[in-house]
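Asker: The numbering of the sequence shown is the numbering used here, which starts it at 22 and goes up by one. My structure is below; once you've seen it, I'll send some questions.
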Amino acid sequence: MTRIAAPIALALLALAGHAAHGQSDLREANAPGATRAQFEQWMTELSNWGRWGADDQIGAANLITPAKRQQAAALVETGEAVSLGHDVADALGSDPNRPFGLNMIISFDPDRIRDRLDIDYHGGFFTHLDAVCHVVYGGKLYNGHDMRETVTDGGCEHLGITGLRNGVVTKAVLVDVPRLRGVPYLAPGTRVYRQDIEDWEERTGARVEPGDVLLIRTGRWARRSAEGGGNAGMDASFLPLLAERDVALFGSDTAHELRGNIPGFNETVIHKFAVVARGMNLFDNLDLEAAAETAARLGRWEFLFMASPVRVPRGTGSPINPIAVF
C-alpha cells in the first residue's frame with residue numbers, strides 16, 4: 022500500500038462525503054453502500070502507511086497529542102465517571118463459543134482467597150482493545166510489515182499492545198444511533214451509515230475531530246437484556262470518514278462487522294481498513310448504555326476518554342474497561 026498525494030486524497034474524500042449525503046435511500050432499505058473496488062481503493066489511497074515513519078509502532082494513536090489531551094481534560098465539568106466496559110459474564114452468561122472461566126483458589130490454613138481468570142477475549146462478546154498487529158490483509162500488517170516475519174508463537178515483533186503502554190487519554194464523541202432513529206436499540210443486521218454520524222453531529226453539536234475516539238452505540242446490550250442476542254453494525258461506506266476526520270481510535274458496543282458487508286466479499290472490512298490501512302486500534306464490544314444515559318441527561322456527547330491496556334509484551338490486544346469522565 023502507498024499513500025497518494027494529499028490534494029488527490031482530499032478530493033477522493035470530498036467525493037466520498039458527497040456520496041454519503043445521498044445515502045438516505047440506502048438507509049431506508051438497509052442496503053450495502055460500498056463495493057469491493059471502492060474498498061480496495063480506500064485501502065491504498067486512504068492508508069496511513071509511512072505517515073509517521075517506517076519504525077512507527079502506534080499508528081493513528083500518534084494523533085493523540087499533548088494538546089489533544091489538554092483539550093479532552095478541559096471537557097470535564099461534573100466529574101462523573103462512567104465505565105464503558107461490559108461485565109465478562111452477565112445474566113445470560115458469556116461468549117458461548119469461548120466462555121469466561123473464573124477458577125477460585127481458596128485456602129483455609131492459612132486463610133487466603135485468590136482466583137484464576139480464563140478469557141479468550143478477541144471476538145464478539147468481551148470488551149477489548151485490538152492491537153495494531155491483530156489484523157492482517159493480503160499478508161501484510163499496518164505499515165507494510167509482513168505477517169509471517171512479524172507474528173510468531175512468541176507474539177508480535179512489531180505493533181503489539183504495549184505500544185499503548187502509556188494509555189489512551191483523549192476526547193471521545195458518542196453517537197447514539199438508536200436515539201437518533203427514535204428506537205431503544207437497533208434490530209440485528211441493521212447498518213449504521215456515515216449519514217447517521219453526520220445527522221447526529223447536526224442534532225447535538227458534537228463534532229468528530231482529529232485525534233478523537235469515535236464511539237457508536239447500537240443498543241446491543243439493551244437488546245440482549247430485552248430480547249437476546251443479535252447485533253447491528255457499521256456499513257462499509259462509512260470508512261472514508263475515519264480518514265477524513267483523522268480519527269485516532271474507533272469503538273462501538275459490537276465488533277463492528279456485518280456478515281456480507283460488501284456483497285461477494287467475505288472479509289471483515291471494518292477491521293481491515295481501520296487496523297491495517299489506518300493503523301487504528303479498535304475497541305470492540307463496549308457497553309455504552311450508562312454513558313448514553315449520562316450524556317443524554319447532561320446534554321453532552323463529548324467527554325474525556327481514558328483507557329489503559331494490560332501490558333502484555335508482544336500481545337495482540339487486551340481486555341479493557343475504558344472510562345468516560347463528564
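Positions of the beta carbon are idealized from the N, C-alpha and C atoms, including for glycine.
1. Beta-carbon separation of Ala276 and Asp305 under 7 Å?
2. From which residue to which residue does the beta strand (DSSP E) around Arg137 run?
3. Taking only three categories from DSSP, how would you classify Leu123?
4. Here's a check: name, in chain order, each residue in its chain whose Cβ is nearer than 7 Å to the Cβ of Asp174, leaving out the five neighbours to either side.
5. Strictly by DSSP, which residues pair up with Met255?
6. Trp322 to Ser115, Cα distance in whole Å?
7. Mapping DSSP to helix, strand and coil, what is His155?
8. Report yes or no: do the segment 224 to 242 and the segment 174 to 185 share at least 3 C-beta pairs separated by less than 8 Å?
9. Just how far apart, CA to CA, sit Asn342 and Ala110?
10. Consider the Cβ of Glu170: report whether some Cβ of chain C lies at a distance smaller than 7 Å.
11. Among Arg335, Gly320 and Phe347, whose alpha-carbon lies nearest the alpha-carbon of Met327?
12. Measure the alpha-carbon distance for Pro28 versus Phe60 and round it to whole angstroms.
13. What is the DSSP secondary structure of His42, counted as helix, strand or coil?
14. Does the Cβ of Ala345 have 16 or more other Cβ atoms within 10 Å, making it buried, or fewer, making it exposed?
15. Go ahead and label Gln91 buried or exposed: buried means 16 or more other beta carbons lie within 10 angstroms of its beta carbon, across all protein chains shown.
16. Drop a sphere of 10 angstroms on the beta-carbon of Glu98, count the other beta-carbons inside from all chains shown, and report buried for 16 or more, exposed for fewer.
17. Could you tell me how far apart the beta carbons of Ser329 and His149 are, in whole angstroms, since I believe they sit closer than 8 Å?
Answerer: Looking at the atomic coordinates:
1. Position 255 of the sequence shown, counting from 1, holds the residue named residue 276. Position 284 of the sequence shown, counting from 1, holds the residue named residue 305. Cβ distance < 7 Å, so Ala276 and Asp305 count as in contact.
2. Here residue 137 is taken as the residue at index 116 of the sequence shown, counted from 1. Where Arg137 is concerned, the enclosing beta strand (DSSP E) stretches over Asp132 to Asp139.
3. Against the sequence shown, residue 123 aligns to sequence position 102. Looking at Leu123 - three-state DSSP - the assignment turns out to be strand.
4. Looking up residue 174 in the sequence shown gives position 153. There are no such residues.
5. By one-based count along the sequence shown, residue 255 stands at place 234. DSSP, once it has assigned bridges, lists Val213 as partnering Met255.
6. For the purposes of this step, residue 322 is identified with residue 301 of the sequence shown, where counting begins at 1. For the purposes of this step, residue 115 is identified with residue 94 of the sequence shown, where counting begins at 1. For Trp322 and Ser115, the distance between alpha carbons rounds to 29 Å.
7. As a first step, residue 155 must be located in the sequence shown, where it is residue number 134. Three-state result, His155: helix.
8. no
9. Indexing the sequence shown from 1 puts residue 342 at position 321. Indexing the sequence shown from 1 puts residue 110 at position 89. Computed Cα separation, rounded: 14 Å.
10. Here chain C cannot be found, since the structure has a single protein chain.
11. Stepping through the sequence shown from its first residue, residue 327 is reached at position 306. That would be Phe347, whose Cα lies nearest to the Cα of Met327.
12. To locate residue 28, count along the sequence shown from 1; it is residue 7. To locate residue 60, count along the sequence shown from 1; it is residue 39. A caution first: Pro28 carries a pLDDT of 42, below 50, which makes its placement in the model unreliable, though a value can still be read off. Distance between the alpha carbons of Pro28 and Phe60: 20 Å.
13. Within the sequence shown, residue 42 is the residue found at index 21, counting from 1. Note that His42 scores 49 on pLDDT, short of 50, meaning its location in the model is unreliable; the coordinates nonetheless yield the value given after this. His42: helix per DSSP, three-state reduction.
14. Taking the first residue of the sequence shown as 1, we reach residue 345 at position 324. The residue is buried, with at least 16 neighbouring Cβ atoms inside 10 Å.
15. Numbered from its first residue, the sequence shown carries residue 91 at position 70. Classification for Gln91: exposed.
16. What you label residue 98 is simply residue 77 of the sequence shown in a count that begins at 1. Answer is exposed; the Cβ neighbour count stays below 16.
17. One-based indexing of the sequence shown puts residue 329 at position 308. One-based indexing of the sequence shown puts residue 149 at position 128. In fact, because the Cβ distance is near 13 Å, the residues do not count as touching under 8 Å.
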